[in-house]
Amino acid sequence: VIERFGGRFEFFERYLEIENILGLDIPDFERVDLSGLSDEALDDAIEEEADKLRKRWELGMNPIPNVHSTLESHGVKVRILPHEDGFDGFSAFAETSDLCVPVMALSERWLRGGEQDLPRFRFTALHELAHLYLIFPAGLSHKEKENCCHRFAGAFLVPRVAFERAFGVNRVKIALAELCAIKAEWGISVAATMARANNLKLLTAGRYKTYCIVAAKNGWRTKDPGKWIGAEESCRFKPLVLRALAQELITPSKAAGLLGISLPELGTEFTPVD
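For the sequence shown, our numbering assigns the number 1160 to the initial residue and increments by one for each residue that follows.
Pasting the structure below:
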């Protein structure tokens, strides 16, 4: 993936450069080491660490209005890339002489256009956050690590206590309208909601299997039911460049170069008010 998208990752260099020019502090990003845990202890630890990170980031127990901007405001640099088959997201650490910065590239497929699916975009972003934040036991298979990241994403979107309150416990039957209501409030897909309910054992394995059959039959795997009304665009980078330009810390040519636009285009973006 690095070779495939490497040419576009200079965006992160520009991002770090403008933060340095403005003298901004970069938030610490401390990873959590779960490598010594047994398979049996891992699931509960993931739930706990998702709750701890929510608390550290002062998100409380409320729905997250914008995952993209939440990540960026806590030091994770996010780059949106044109969609290419086989690519939803990628995460890594970009190292400079004195920094190790978490970076993430996400496909625009779910963010905009005809296939827009913002809950899926949110889940993908938090799945990649799990890859950055958690250090897993070395013996886990790729599939097991992916499942752990799925679990973290679901737990970060809807904490266990809030989820149990919204979904209920020991469910025998559940209406699609209930799932769509959870989606509308929390920005989590119906599919991820049912997977989370299954993980938390709030419904039987048989009931979850029945849901999977119904979902496949009705095409819900490609078009998730219900809607979430929200926004997932983040505009942090451009305002930083324009701020530096307004404060005369950089020249118009430098600003245009950082933004990857021409000087005439910059003129339409930047209009001083004094």
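Just so you know, even glycine gets a beta-carbon here, dropped at the ideal spot from N, CA and C.
Given a cut-off of 8 Å, decide if residue j and residue i are closer than it, judged by their beta-carbon atoms.
| i | j | result |
| --- | --- | --- |
| Ala-1264 | Phe-1249 | yes |
| Phe-1322 | Leu-1359 | yes |
| Phe-1282 | Ala-1351 | yes |
| Pro-1411 | Leu-1425 | yes |
| Ala-1405 | Ile-1180 | no |
| Ala-1209 | Pro-1318 | yes |
| Lys-1304 | Val-1262 | no |
| Leu-1240 | Glu-1274 | no |
| Ala-1289 | Phe-1326 | no |
| Val-1328 | Leu-1361 | yes |
| Leu-1234 | Phe-1188 | Residue identity check: residue 1234 is Gly in the sequence provided, not Leu. Result yes, Cβ atoms of Gly-1234 and Phe-1188 sit closer than 8 Å. |
| Cys-1308 | Leu-1201 | no |
| Ser-1393 | Glu-1231 | yes |
Could you please give me the residues that DSSP links to residue i through a beta bridge?
| i | result |
| --- | --- |
| Ala-1251 | Val-1262 |
| Val-1191 | Leu-1293 |
| Arg-1324 | DSSP, once it has assigned bridges, lists no residue as partnering Arg-1324. |
| Arg-1330 | Leu-1362 |
In terms of residues, what are the limits of the beta strand (DSSP E) holding residue i?
| i | result |
| --- | --- |
| Lys-1236 | 1236-1240 |
Using CA coordinates, which residue listed in the options is at the minimum distance from residue i?
| i | options | result |
| --- | --- | --- |
| Ser-1348 | Leu-1417, Trp-1269 and Ile-1372 | Trp-1269 |
| Glu-1199 | Arg-1173, Pro-1296 and Thr-1363 | Pro-1296 |
| Leu-1291 | Leu-1277, Phe-1311 and Gly-1272 | Phe-1311 |
| Trp-1345 | Gly-1389, Ala-1336, His-1309 and Glu-1206 | Gly-1389 |
| Thr-1369 | Ala-1289, Ile-1420 and Val-1331 | Val-1331 |
| Val-1191 | Lys-1211, Leu-1293 and Lys-1376 | Leu-1293 |
| Glu-1287 | Glu-1274, Asp-1276, Gln-1275 and Phe-1315 | Phe-1315 |
| Arg-1215 | Pro-1186, Leu-1401 and Ser-1194 | Pro-1186 |
| Lys-1397 | Thr-1381, Ala-1414 and Thr-1255 | Ala-1414 |
| Leu-1335 | Ala-1364, Thr-1363, Glu-1407 and Lys-1386 | Lys-1386 |
With burial defined as no fewer than 16 other Cβ atoms inside 10 Å of the residue's Cβ, what is the status of residue i: buried or exposed?
| i | result |
| --- | --- |
| Arg-1324 | exposed |
| Ile-1105 | Any question about residue 1105 goes unanswered here, given that the chain covers just 1160 to 1433. |
| Leu-1378 | According to the sequence shown, residue 1378 is Gly rather than Leu. Per the 10 Å Cβ criterion, exposed. |
| Arg-1163 | Below a pLDDT of 50, predicted positions are generally treated as unreliable, and Arg-1163, at 49, falls in that range; the measurement from the model is reported next regardless. Answer is exposed; the Cβ neighbour count stays below 16. |
| Leu-1418 | buried |
| His-1301 | exposed |
| Val-1226 | buried |
| Asp-1257 | exposed |
| Val-1160 | Its pLDDT being 45, under 50, Val-1160 is placed unreliably in this model, and the coordinates cannot settle the point. |
| Gly-1272 | exposed |
| Phe-1171 | buried |
| Met-1112 | The structure shown does not extend to residue 1112, since the chain spans only 1160 to 1433, so no value can be given for it. |
| Pro-1278 | buried |
| Thr-1427 | exposed |
| Leu-1422 | exposed |
| Cys-1372 | Checking the sequence, you will find Ile at residue 1372 rather than Cys. Counting Cβ neighbours within 10 Å, Ile-1372 comes out exposed, since fewer than 16 surround it. |
| Lys-1342 | buried |
| Asp-1383 | buried |
| Thr-1229 | buried |
| Gly-1182 | exposed |
| Glu-1206 | buried |
| Gly-1313 | buried |
| Glu-1391 | buried |
Which residue comes first and which comes last in the alpha helix (DSSP H) that contains residue i?
| i | result |
| --- | --- |
| Phe-1315 | 1301-1316 |
| Cys-1394 | Per DSSP, Cys-1394 belongs to no alpha helix (DSSP H) and is neither H nor E. |
| Phe-1423 | Going by the sequence as given, residue 1423 is Pro instead of Phe. First-last of the alpha helix (DSSP H) with Pro-1423: 1422-1428. |
| Arg-1366 | 1364-1376 |
| Met-1220 | Met-1220 -> no alpha helix (DSSP H), and no H or E assigned at all. |
| Trp-1216 | It is not in any alpha helix (DSSP H) - Trp-1216 carries neither H nor E in the DSSP assignment. |
| Leu-1344 | Looking at the sequence shown, residue 1344 is not Leu but Glu. Segment 1335-1345, the alpha helix (DSSP H) holding Glu-1344. |
| Pro-1411 | 1411-1418 |
| Ile-1180 | 1169-1181 |
| Arg-1271 | No alpha helix (DSSP H) contains Arg-1271, which DSSP labels as neither H nor E. |
| Arg-1355 | 1349-1358 |
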